[in-house]
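If you read the protein sequences in the order shown, they are chains A and B. Counting along the first sequence from 1, when you hit position 120 you're at 120 in the UniProt record's numbering, and nothing is skipped either side. Counting along the second sequence from 1, when you hit position 102 you're at 102 in the UniProt record's numbering, and nothing is skipped either side. We put the beta carbon where it would ideally sit given N, CA and C, even for glycine. Model, not experiment: these values are computed from the prediction. One structure is given here, and the rest of the page talks about it.
Protein chains: 2
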Amino acid sequence: MIAMAPARTEPDLSFLLDHTSHVLRTRMAVALAEIGLTARMHCVLVHALEEERTQIQLAELGDMDKTTMVVTVDALEEAGLAERRPSSADRRARIIAVTEKGAEVARRSQEIVDGVHRAVLEALPEGEGEVLLRAMSRLVEGYLATPAEAPQAARRARQRTK
Amino acid sequence: MIAMAPARTEPDLSFLLDHTSHVLRTRMAVALAEIGLTARMHCVLVHALEEERTQIQLAELGDMDKTTMVVTVDALEEAGLAERRPSSADRRARIIAVTEKGAEVARRSQEIVDGVHRAVLEALPEGEGEVLLRAMSRLVEGYLATPAEAPQAARRARQRTK
DNA sequence: TATTGTTATACTCTATAACTATA
DNA sequence: TATAGTTATAGAGTATAACAATA
Chain A
1 MIAMAPARTE PDLSFLLDHT SHVLRTRMAV ALAEIGLTAR MHCVLVHALE EERTQIQLAE
61 LGDMDKTTMV VTVDALEEAG LAERRPSSAD RRARIIAVTE KGAEVARRSQ EIVDGVHRAV
121 LEALPEGEGE VLLRAMSRLV EGYLATPAEA PQAARRARQR TK
Chain B
1 MIAMAPARTE PDLSFLLDHT SHVLRTRMAV ALAEIGLTAR MHCVLVHALE EERTQIQLAE
61 LGDMDKTTMV VTVDALEEAG LAERRPSSAD RRARIIAVTE KGAEVARRSQ EIVDGVHRAV
121 LEALPEGEGE VLLRAMSRLV EGYLATPAEA PQAARRARQR TK
């Protein structure tokens, strides 16, 4: 966990965000694991269903690296939920096609995701959930839209294997 | 980034929480890096200032592992901000004593943290920030208090080196 | 030359186990 | 026996580089 401890009196926004997002992520992981999915598999499945999309396009939508995408698509193929198909427009690219079983699983996983979210919002008093969503959406589209430059040391280049 | 992509129409609570907490964390890291601190160093410094505390106590307050604590205290000592002192009550334990320089840095880092948080809340319309804090606090103390059991495979035991 | 997808691997982060010294 | 702190290292997650095929 990367979280600042709660200040005794005043609520600490960093702690609140870190804690809630962490807990919600574990809850979501457990809920989706029951049908054999990770959050990333669910995300790719849903976006691949909407329209014909390549791995790179799906990676951008889910904010993943293309190499992470490879692993995720491997898992989906192995589970029989999606298939790589050559793109007719670009022979380098692969369209991720959702199988019938994949579409059914995606329907169920979306229900699971919606249910987990609904349960959280229903734990709040009348109207507070709506304000919470509105405030967070505002921040995501505005002041907190983009991350700051990471101040960490740059990763060194890989050793040439000749 | 571990985040689900935004649903087109309905706001996705998981995405909103992951995105805002991630962005805020990078902003905070950059802001604190200017005075040579990480969020964890700041957290330990502040709690160590409040009263005499051992490493284990500070680790619990910051929700860190005791081994992570070792690294953090090492960094604080190297920067001359804190010192390990033997506890008079328990010769196994070390009290983390904040130096004068450490106290001064902690004062400044608390200002930085408060400033970053204030800026976020001020980016919201009148009153919405208060509701946001109230709703999140409610969740942290109630429905989202504790993480679900991690469904990941347990980490295997370390190889005995004899 | 640039881009898609792949592989291999290096780096970071964190937690586990074993250890030393105390209790 | 159990606990505080330390060390070493395993494992997960992820990003980087290089590569092959194609644009």
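Scanning chain B for C-beta atoms nearer than 8 Å to the C-beta of E128(A) yields V131, R134, A135 and R138, reported in chain order. According to the DSSP assignment, I112(B) belongs to the alpha helix (DSSP H) that extends over E100 to E122. Annotation for E83(B): the continuous beta strand (DSSP E) segment containing it runs A82 to P86.
A Cβ-Cβ separation of about 6 Å places R94(B) in contact with T54(B) under the 8 Å criterion. The residue among L61(A), I35(A) and G129(A) with its C-alpha nearest the C-alpha of V46(A) is L61(A). Rounded to whole angstroms, M28(A) and V44(A) show a C-alpha spacing of 16 Å.
By the Cβ test, the stretch 97-113 of chain A is in contact with the stretch 32-42 of chain A, since at least three Cβ pairs between them sit closer than 8 Å.
Shown here for R85(B): same chain residues with a beta carbon closer than 6 Å to its own, the five before and five after excluded, namely I95 and A97 in chain order. For G62(A), no alpha helix (DSSP H) encloses it, and the DSSP letter there is neither H nor E.
At a C-beta separation below 7 Å, D74(A) has no neighbours in chain B, since its nearest C-beta there lies roughly 18 Å away.
Excluding five sequence positions before and after R108(A), the CB atoms of its chain that fall closer than 8 Å to its own CB belong to I35, given in chain order. Here V23(A) is near P147(B), since their CB atoms are less than 7 Å apart. Rounded to the nearest whole angstrom, the C-alpha separation of L76(B) and E100(A) is 56 Å.
Any Cβ of chain A closer than 7 Å to the Cβ of L37(B) would place that residue at the interface, and such an atom is absent. Remark: C-beta atoms of T20(A) and L17(B) approach each other more closely than 7 Å. At least one CB of chain B lies nearer than 7 Å to the CB of R27(A). A residue is called buried once 16 or more other Cβ atoms fall within 10 Å of its Cβ, and D74(B), having fewer, is exposed. The beta carbons of A48(B) and L32(B) sit about 16 Å from each other, so the pair does not count as a contact at 8 Å.
At a cut-off of 7 Å between C-beta atoms, A106(B) does not count as an interface residue with respect to chain A.
Taken through DSSP and simplified to helix, strand or coil, T20(B) comes out as helix. Only residues of its own chain outside the window of five on either side were considered, and among them T99, K101 and G102 have a CB closer than 8 Å to the CB of G80(B), listed in chain order. As computed with DSSP, I96(B) is found in a beta bridge with R84(B). Collapsing the DSSP output to three states places T26(B) in a helix. Neighbourhood of V120(B) in chain A, by CB distance below 9 Å: L13, L139, Y143 and L144, in chain order. Contact check for V120(B) against V131(A) fails: the beta carbons are separated by 7 Å or more. Remark: C-beta atoms of A89(B) and E128(A) do not approach each other more closely than 7 Å. The residues A59, in chain order, have a CB closer than 8 Å to that of D65(A) in the same chain once the five nearest residues on each side in sequence are set aside.
P11(B) and S137(A) do touch by the CB rule: their CB atoms are close to 5 Å apart, below 8 Å. For L144(A) and R91(B), the gap between their C-alpha atoms comes out near 47 Å. Residue-level contact by beta carbon fails for L58(A) and chain B, as no gap is shorter than 7 Å. Residue range E128 to E141 is occupied by the alpha helix (DSSP H) that includes G129(B). The straight-line gap separating the alpha-carbon atoms of I56(B) and E78(B) is approximately 20 Å. CA-CA distance, L13(B) to T72(B), rounds to 32 Å.
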